[in-house]
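Note sheet for the following structure.
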Amino acid sequence: MKSLFFITGLFFCLTVQELIAQNIELFESVEYQKAVVRGTRSKNGKPGQNYWQNHSDYKIDVALSPEAHSLSGKAQIVYHNESPDTLTEITLRLYQDRYKKGTIRSRKVNPDDLHDGVSIDSLIINNTRINDGSIRHNGTNLTVQLPSPLFPKSTAQINIKWNFKIPTKTHFRRMGYFKDGAYFIGLWYPQIAVYDDIYGWDKFTFHTGVQEFYNDYNNYEVKITVPNGYVVWATGDLLNENKIFAPNILKKLRKAKATDETVNIITRDDYTLPVVKDSVWFYKASYISDFAFGAAKNFLWDGTSVIVEEKSKRRVFVDVAFHPGSDNFYGATDIARQCIEYYSKENPGIPFPYSHATSFNGVPDEANSAMEFPMIANDCNWQDSSIFKFALVHELFHNYFPFYVGTNEKQNTWMDEGWAFLIEHDFCNDILKEGHPRDPNQIYSFLAGTRIDFPLFTTSETYNKTNKGYYYAIKPFVIFSLLRDLLGKEIFTSILQEYIRLWHGKHPTPYDFFYTFNEVSGENLNWFWETCFYEFGYPDLELNVVDGEKIIVKKIGNIPLPIKLTINYEDGTNKEIVENLRIWKDWGNEYSLIIDKKKKVKSIELGDPKIPDINTANNYYGFK
Ligand SMILES: [Zn+2]
């Protein structure tokens with residue numbers, strides 16, 4: 064393509080400013096700089112040699128009471144302090160205090176769902192009963208003064224009994240009553256907040272209901288008691304399935320776990336007889352960042368499985384549990400199976416890390432949203448059925464980020480949602496051959512540079528109901544797409560794989576992400592990180608033609624874009640010229656070409672619907 068054109072000015076002088084831009088040092092927070100000095104983080108993208116993280120072993124006994132719409136539990140938690148610090152307090156997250164009367168929220172809660180907060184029946188730490196004088200509430204957090212200091216490499220035992228009222232009217236995708244006796248239960252147990260090597264205790268509270276995950280990698284043994292006839296789906300492995308399921312259901316479940324075909328494990332007809340024989344369900348999940356479950360008494364259950372690793376032939380069970388009235392879910396198992404195979408073998412090309420991938424239908428249709436938890440997602444039938452598949456595969460992707468790779472979604476939502484949106488779109492475009500009804504590039508072109516558009520690096524703490532979607536989905540989707548354009552698909556995917564290998568089971572920060580990509584690509588990408596993550600700005604390229612033969616593309620906005628020129632000739636043919644966005648690293652803000660005059664040119668177009676640009680009025684030139 065380039066034979067028709069001659070790039071001019073390749074060696075024109077770079078300004079001092081541009082030379083500096085190529086060797087730019089990224090701003091690092093003071094906390095991160097200190098972590099590098101302590102050796103828990105490194106500048107080469109790998110976890111530092113002194114990297115550590117704390118964790119808990121949870122043994123929980125919980126009972127769901129549909130009659131009272133309540134949940135009550137007791138937990139024995141062993142908290143392991145792996146840090147070099149002596150802890151004098153501990154922070155527990157009581158997410159359900161979001162429904163406490165008087166709490167500030169960014170989403171409305173139905174007054175019928177308000178309560179007096181999570182009721183703590185008892186709290187004992189290392190055999191000492193904790194009284195009110197040693198605790199303080201802050202939003203949904205409960206900070207407890209420890210009866211004795213928790214030294215490095217030692218453990219604390221926390222015994223807690225609690226109960227709360229389950230929301231029934233506020234459609235909330237993380238937890239609540241759905242319909243016909245079905246519940247999804249997430250964010251339900253007193254959870255020890257993260258104490259990390261950079262910021263210490265994570266004290267972001269969940270009162271607004273907007274921010275999502277940042278959890279330790281814990282071990283769970285959970286005993287769930289439900290009323291007779293209820294079926295449970297959950298994170299982890301069910302240890303007593305032989306005792307639980309009726310023989311015909313058990314037979315079908317086993318078949319589903321060994322075949323590529325979809326098996327209707329529980330059908331409408333199966334409910335003419337009991338499908339379960341017991342009401343106490345035992346689960347175990349190791350080294351995982353959360354535990355959630357769904358329970359229902361009339362749900363249909365389809366399952367299949369897929370080999371995610373050819374060498375070991377390891378199979379992952381892929382299943383969908385849904386209300387009989389949720390029509391989009393019929394056939395959804397096949398889509399879920401295809402996406403788990405795609406994620407495992409192609410994009411990102413890392414074998415699905417867990418034993419099952421469950422999609423549970425616990426969000427009311429009118430809520431039009433869904434939510435991920437490890438190994439189980441809470442899904443919606445969606446009023447707009449064209450969104451259903453995108454949402455289903457999106458939530459399943461989250462098993463990689465923020466679960467397998469434990470990014471901090473409370474501060475940097477883009478670090479998981481960006482990947483989830485990008486790869487959700489890839490799967491739907493490449494495999495299902497379906498495009499999303501709302502193209503993120505177009506939405507970005509509409510909103511970039513407006514007053515709601517802060518740098519991506521801005522902490523997600525500041526997100527609210529209005530700008531959240533833009534930050535967690537649209538902008539990172541576009542920026543990750545540009546990064547892929549910059550590096551090329553193959554190299555990009557191999558770096559992403561290395562990033563996952565280096566950071567799975569750990570907590571990477573944005574710096575760790577930037578430095579891993581720099582290190583593995585062998586290229587200093589700081590100019591790209593600086594522009595796309597730290598700066599205010601927008602994408603805008605402008606097309607000019609000088610003296611009828613010189614094309615000049617000007618970068619008006621700061622966001623670097625690939626150049627796509629379409630040269631339309633008088634004879635009806637056309638030619639495309641594509642330049643990698645890397646040219647902006649070397650070319651300053653102007654790029655030029657001399658038009659070959661062998662054929663008469665009619666017009667020139669710059670850009671593409673898939674390349675964002677806030678002003679397309681300056682993207683066309685017609686020859687007279
Ligand atoms: Zn998401």
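Going by the numbering used here, the final residue of the sequence shown carries number 687, and the count climbs one at a time with no gaps. Yeah, the Cβ is synthetic: ideal placement off N, Cα and C, and Gly gets one too. On a predicted model such as this, the values are computed, not experimentally measured, just so you know.
Residue i vs residue j beta-carbon contact at 9 Å
i: PHE356; j: GLU284; result: no
i: GLU653; j: VAL609; result: no
i: GLY425; j: PHE247; result: yes
i: ALA384; j: PHE423; result: yes
i: ILE622; j: ALA511; result: yes
i: ASP160; j: GLY180; result: yes
i: LEU546; j: PHE580; result: yes
i: ASN117; j: THR103; result: no
i: PRO465; j: GLU275; result: yes
i: THR572; j: ILE87; result: no
i: GLY469; j: GLY568; result: yes
i: ILE153; j: HIS270; result: no
i: ASN462; j: GLU435; result: yes
i: LEU155; j: ILE255; result: yes
i: LYS613; j: ASP671; result: no
i: PRO518; j: TYR597; result: yes
i: PRO337; j: ALA297; result: no
Endpoints, alpha helix (DSSP H) assigned at residue i
i: GLY39; result: With the chain covering only 64 through 687, there is no way to say anything about residue 39.
i: PHE392; result: Unbroken run through PHE392: none, as it is neither H nor E.
i: GLN560; result: 552-566
i: TYR95; result: 93-101
Assigned exposure category for residue i - 16 Cβ within 10 Å defines buried
i: ARG378; result: buried
i: GLN96; result: exposed
i: GLN505; result: exposed
i: GLN208; result: exposed
i: ILE403; result: buried
i: LYS687; result: exposed
i: TYR252; result: buried
i: GLN220; result: exposed
i: VAL273; result: buried
i: PHE90; result: exposed
i: ALA138; result: buried
i: VAL157; result: Sequence check: residue 157 is Leu here, not Val. Its Cβ being crowded by 16 or more others within 10 Å, LEU157 is buried.
i: ALA680; result: exposed
i: ASP676; result: buried
i: ASP479; result: buried
i: ASN441; result: buried
i: GLY685; result: exposed
i: ILE188; result: buried
i: ASN444; result: buried
i: GLN474; result: buried
Inter-residue CB distance, residue i and residue j (contact presumed, cutoff 8 Å)
i: PHE490; j: TYR405; result: 5 Å
i: LEU10; j: LYS164; result: No information on residue 10 is available, as it lies outside the stretch 64 to 687 that the chain covers here.
i: ILE398; j: VAL456; result: 7 Å
i: SER349; j: ASN282; result: 5 Å
i: VAL294; j: ALA359; result: 6 Å
i: TYR632; j: LYS662; result: 5 Å
i: PHE235; j: LEU134; result: Not confirmed; about 14 Å, so no contact.
i: PHE267; j: LYS320; result: Not a contact, Cβ separation roughly 38 Å.
i: TYR417; j: TRP477; result: The pair is not a contact, with the Cβ atoms about 23 Å apart (cut-off 8 Å).
i: ILE328; j: LYS315; result: 5 Å
Residue i: first and last residue of the uninterrupted beta strand (DSSP E) it sits in
i: ARG378; result: 377-385
i: SER197; result: Looking at the DSSP string, SER197 is not in any beta strand (DSSP E), and its letter there is neither H nor E.
i: LYS224; result: 217-228
i: ARG156; result: 150-156
i: LEU510; result: Here LEU510 belongs to no beta strand (DSSP E); instead the alpha helix (DSSP H) covers 503-510.
i: GLU304; result: Here GLU304 belongs to no beta strand (DSSP E); instead the alpha helix (DSSP H) covers 304-307.
i: ASN643; result: Neither: ASN643 is in no beta strand (DSSP E) and is coded neither H nor E.
i: TRP210; result: In the sequence on display, residue 210 carries Pro and not Trp. 204-213 is the span of the beta strand (DSSP E), which, as asked, contains PRO210.
i: HIS688; result: Residue numbering for the chain in the displayed model covers 64 to 687; residue 688 lies beyond these limits and cannot be assessed.
i: ILE328; result: 326-329
i: HIS178; result: Counting along the chain, HIS178 falls outside any beta strand (DSSP E), and DSSP gives it neither H nor E.
i: THR231; result: No beta strand (DSSP E) contains THR231, which DSSP labels as neither H nor E.
i: GLN139; result: 133-144
i: PHE247; result: 246-248
i: LYS754; result: In the structure as shown, the chain begins at 64 and stops at 687. Residue 754 is therefore absent and cannot be evaluated.
Cutoff 9 Å: residue i Cβ touching any chain C Cβ
i: LYS496; result: This model lacks chain C altogether; it includes just one protein chain.
Runs of alpha helix (DSSP H) wholly within the segment 394-449 (minimum 4 residues, chain order) = 395-408, all fully within the segment 394-449.
Would you list, in sequence order, the uninterrupted alpha helix (DSSP H) runs of no fewer than 4 residues that lie entirely inside the segment 570-638?
-> Under the rule that a run must span 4 or more residues, the alpha helix (DSSP H) segments found entirely inside the segment 570-638 read 573-584, 589-592.
Going along the chain, which unbroken runs of the beta strand (DSSP E) with 3 or more residues stay wholly within the segment 273-316?
-> Whole beta strand (DSSP E) segments, 3+ residues: 281-288, 294-297.
Unbroken stretches of the alpha helix (DSSP H), 4 residues or longer, contained in the segment 342-374 | Fully enclosed alpha helix (DSSP H) runs of 4 or longer: not present.
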